[in-house]
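Asker: Position one of the sequence shown corresponds to residue 880 (my numbering), numbered consecutively onward.
By construction, the Cβ of each residue, glycine as well, lies at the ideal position given by its N, Cα and C atoms.
Predicted model, so just to flag it, every value in this text is computed and none were measured.
One structure is given below, represented as structure tokens, and several questions about it will come after.
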Amino acid sequence: MDNFIGKRLGKVQIEALVGRGGIAEVYLGTHTTLERKVAVKVLRNINQENADALDRFNREARAIAKLRHPNIVQVHDFDTVDNDPYLVMEYIGGPSLSKYLYALHQKNGRLPLPHVARLVRGIASALQYAHSNGVIHRDVKPGNILLTSPSTPITVGKPLPDDFEPVLTDFGLVRFLDAKRQTTVGQVYGTPAYMSPEQARGEATDGRSDVYSLGIVLYEMLAGDIPFDGESTVSILLKQVKDPPPPIPGLSPPIQNVLDRALAKDAKDRFQTAMEFANAFSAAMEMKSEAATIQFDELPAILPPLEKDPPAKPQRSWLRVALLAMIAVAFGGFFLMNGIPSSLPEESTPTPTVPSLSAADTLLPATPTSTQTAVLPSGPIGILRFENGNALADRVSLITEAMPAPPAGSQYEIWLIDADARLSLGFFAPDANGKGKLTFTDPDGANLVSRYDQFEITIEPDSNMETESSGLIAYSFTLPEKGLMHMRYLLSSFSETPDENALAQGLYTNVKQIAGLAKEIQSAFESGDQAAVEQKAEFALNLLVGADSSDYKDWNEDGQVEPRVSYGLLLNGSNFGYIQAVL
880 MDNFIGKRLG KVQIEALVGR GGIAEVYLGT HTTLERKVAV KVLRNINQEN ADALDRFNRE
940 ARAIAKLRHP NIVQVHDFDT VDNDPYLVME YIGGPSLSKY LYALHQKNGR LPLPHVARLV
1000 RGIASALQYA HSNGVIHRDV KPGNILLTSP STPITVGKPL PDDFEPVLTD FGLVRFLDAK
1060 RQTTVGQVYG TPAYMSPEQA RGEATDGRSD VYSLGIVLYE MLAGDIPFDG ESTVSILLKQ
1120 VKDPPPPIPG LSPPIQNVLD RALAKDAKDR FQTAMEFANA FSAAMEMKSE AATIQFDELP
1180 AILPPLEKDP PAKPQRSWLR VALLAMIAVA FGGFFLMNGI PSSLPEESTP TPTVPSLSAA
1240 DTLLPATPTS TQTAVLPSGP IGILRFENGN ALADRVSLIT EAMPAPPAGS QYEIWLIDAD
1300 ARLSLGFFAP DANGKGKLTF TDPDGANLVS RYDQFEITIE PDSNMETESS GLIAYSFTLP
1360 EKGLMHMRYL LSSFSETPDE NALAQGLYTN VKQIAGLAKE IQSAFESGDQ AAVEQKAEFA
1420 LNLLVGADSS DYKDWNEDGQ VEPRVSYGLL LNGSNFGYIQ AVL
């Protein structure tokens, strides 16, 4: 069939080719009856490879055309031309999420978490609606999510407007687009990197398969990369079926837990509906935690019973050593992490030494000519606590126990400061007893410990709407340089660790990996897969001892040392190991 540009296809005047793939072309045109721009997707040579494909196309297209949802691309019409089926669809002028994320991740950027939540909720709402109408997507991925906004054209490389909407396209098309590539063993529909385990096995799918794929999209938005990649389609599918997704460094435990459940290998362990997933993610983001500065999940003892009859193949003595070591890490790591203090100690809070504020100071100059200093009463008034909100150390709370009220007609404003910028945490109003709490979470998930080194409380007029400080300082404290350096090693970044992750985050990630490996070893042990037991035990043992240890090696003699990089939990060579470094 010739190119359609300049020709008429049904009621559509074709104007331009938008995109071309292996078995489909997308054109931009004008629907002469509706008098609007539309997209036309022409599917090539479907019937020549599969005699049932056209019948399947008609059934699927009819079901898709009935869907009416703001986050689903509307299908206006469908037909065939020269035995090639085509769809006439709503035209969305914005880019795909795939193109937008690619440009963003090339610059090491990430979507702001509020935008991530908006996108997850929009796509989950679309999937929930489709599932309730008996339609499964089967190919949820960034390439099938279009971005649009009623107020501002969306441009790759520029921030998304707050009113953007994600729109899901290609519902059900994968079932007949991939028809000519199916095998007699089982029908596998979808894109391997976003495919659920049951899809990868060629088994029946339902709405929970779409939940898994949306979980992969969420993982990619948060981590900047997909969790499973490989040199071949088969290797990716095997990882989808067997491997747990790597934990995302810096991600708060509540969000990580939501992600882990969405990506559960067994569909019954996932969120059972798309909106249940979206609601759990929103709740994890909004959770106002009173927990520790560094939060960790309890690590259960989940190791295979060594007294159980082993498989027929002989076990190596080093394997038992690795399993026993993992027991020690699971218990020791739990007690160590629960021993981390919940906040900065009160004695680190300095007391000001300048004269106290008098009632005469309630009248503030409109434009102070120099920085003026007032002060809170001598003695500790509260604590400043850095916490994990949606990312590592992106939340800070001021908690007071004896904060006097500000002078009449004024209010307190709380600031974090560095050499180049001031960040307002908001206005603060203690109660009649001087107690109060102000919590600020960075909207972009920025690590506050890594940037700011000074804390300040200023006195502002009640009517102050300015973004600049009045200059009247009630309290100011600069964190000691050496103490801040070690605090940043713990909570922000340490140059000696892989990827320069924070020490506390590395400790959490490694212990969680070992706990996950213990589950996998148990499963492999019970199924008699000796090779998998040995490979995963090697991985765990090398995580424990670290790359500079003489015990870091190819324990199962398969020609590869796993993992390739390990800072270690224990002292190894020049590396302290995460446990000693955190202590």
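How is the beta strand (DSSP E) around SER1114 delimited, first residue to last?
Answerer: Per DSSP, SER1114 is not a residue of any beta strand (DSSP E); the alpha helix (DSSP H) it occupies stretches across 1112-1121.
Asker: How would you label LEU992, buried or exposed, when you count the other beta carbons within 10 angstroms and need 16 or more for buried?
Answerer: buried
Asker: With a cut-off of 8 Å, do at least 3 Cβ pairs link the segment 1026-1045 to the segment 1066-1081?
Answerer: no
Asker: Enumerate in chain order the residues of its own chain whose CB-to-CB distance from ASP1297 is below 8 Å, with the five nearest sequence positions on each side excluded.
Answerer: ARG1330, TYR1331, ASP1332, GLN1333
Asker: Beta-carbon separation of VAL1019 and SER1114 under 7 Å?
Answerer: no
Asker: Express the C-alpha separation of LYS986 and GLU914 in angstroms, rounding to a whole number.
Answerer: Approximately 40 Å between the Cα atoms of the pair.
Asker: Note the first and the last residue of the continuous alpha helix (DSSP H) segment covering LYS978.
Answerer: 976-985 is the span of the alpha helix (DSSP H), which, as asked, contains LYS978.
Asker: Is the beta carbon of ALA1072 closer than 7 Å to that of ILE1105?
Answerer: yes
Asker: Does DSSP classify LEU1203 as helix, strand or coil?
Answerer: Residue confidence is low: LEU1203 scores 47 on pLDDT, short of 50, so the model does not pin down where it sits. Its coordinate-derived value is still stated next. LEU1203 falls in the helix class under three-state DSSP.
Asker: CB-CB under 6 Å to LYS1144, same chain, minus the five flanking residues each way: which ones, in chain order?
Answerer: PRO1076, listed in sequence order.
Asker: Sorted by chain position, which residues of the same chain lie with C-beta nearer than 7 Å to GLN1007's C-beta, five sequence neighbours on each side aside?
Answerer: Contacts found: THR1152, ALA1153, MET1154.
Asker: Can you give me the C-alpha to C-alpha distance between ALA982 and LEU1026, rounded to a whole angstrom?
Answerer: Cα atoms of ALA982 and LEU1026: separation of roughly 14 Å, rounded to the nearest angstrom.
Asker: Spatial neighbours of GLU969 within its chain, please: CB distance less than 6 Å, with the 5 preceding and 5 following residues excluded, ordered by chain position.
Answerer: So the qualifying residues of the chain are VAL952, GLN953.
Asker: Taking Cβ positions, are VAL1090 and PHE1160 nearer each other than 7 Å?
Answerer: no
Asker: Please name the residue, chosen from ILE1015, ALA1009, LYS890, that lies closest to THR909 on a Cα-to-Cα basis.
Answerer: LYS890
Asker: Taking ALA952 as part of the alpha helix (DSSP H), name the residues at either end of that continuous run.
Answerer: The residue asked about is misnamed: residue 952 is Val in this sequence, not Ala. First-last for VAL952: undefined, no H or E at that position.
Asker: Helix, strand or coil, according to DSSP, for GLU1399 in the structure here?
Answerer: Residue state, collapsed to three classes: helix.
Asker: So what does DSSP say about SER1349, is it helix, strand or coil?
Answerer: coil
Asker: Would you report the Cα separation of THR1034 and GLN1401, rounded to the nearest angstrom?
Answerer: So the alpha carbons of these two residues sit roughly 49 Å apart.
Asker: Looking at the unbroken alpha helix (DSSP H) that takes in ARG1087, where does it start and where does it end?
Answerer: 1086-1102
Asker: Out of curiosity, what's the CA-to-CA distance linking ALA1146 and LEU1450?
Answerer: Taking the CA atoms as reference points, ALA1146 sits about 40 Å from LEU1450.
Asker: Just to confirm, are VAL1014 and PHE957 a CB contact at a threshold of 7 Å?
Answerer: no
Asker: If you reduce the DSSP assignment to three classes, tell me which class ARG1017 lands in.
Answerer: coil
Asker: Residues in the same chain with beta-carbon distance under 8 Å from LEU1097, minus the five sequence neighbours each way, listed in chain order, please.
Answerer: VAL995, VAL999, LEU1138, ALA1141, PHE1160
Asker: For GLU939, name the three-state secondary structure that DSSP assigns.
Answerer: Here DSSP, grouped into helix, strand and coil, assigns GLU939 to helix.
Asker: Where does THR1031 sit, in a helix, a strand or coil, going by DSSP?
Answerer: coil
Asker: Who does ALA966 pair with in a DSSP beta bridge?
Answerer: According to the sequence as given, residue 966 is Leu; it is not Ala. LEU966 pairs with LYS920, PHE957.
Asker: Kindly indicate the opening and closing residues of the alpha helix (DSSP H) around ARG1140.
Answerer: 1132-1141
Asker: Could you compute how far the alpha carbon of ILE1262 sits from the alpha carbon of THR1279?
Answerer: 6 Å
Asker: Assign GLU1360 to one of three DSSP states: helix, strand, or coil.
Answerer: helix
Asker: Counting along the chain, where does the alpha helix (DSSP H) carrying TYR1446 start and finish?
Answerer: No alpha helix (DSSP H) contains TYR1446, which DSSP labels as neither H nor E.
Asker: Between GLY1069 and the rest of its own chain, which residues show a CB-CB distance below 7 Å, the 5 nearest in sequence each way excluded?
Answerer: ARG1017, ASP1018, VAL1053, GLN1078
Asker: Where does ARG1000 sit, in a helix, a strand or coil, going by DSSP?
Answerer: helix
Asker: DSSP state of GLY1076, grouped into three classes?
Answerer: Before going further, note that residue 1076 is Pro rather than Gly in the sequence given. Helix, per DSSP.
Asker: Taking LEU1422 and LEU1386 to be in contact with their CB atoms under 8 Å, please state how far apart those CB atoms are, rounded to whole angstroms.
Answerer: Here LEU1422 is actually not in contact with LEU1386; their C-beta atoms are around 11 Å apart, not less than 8 Å.
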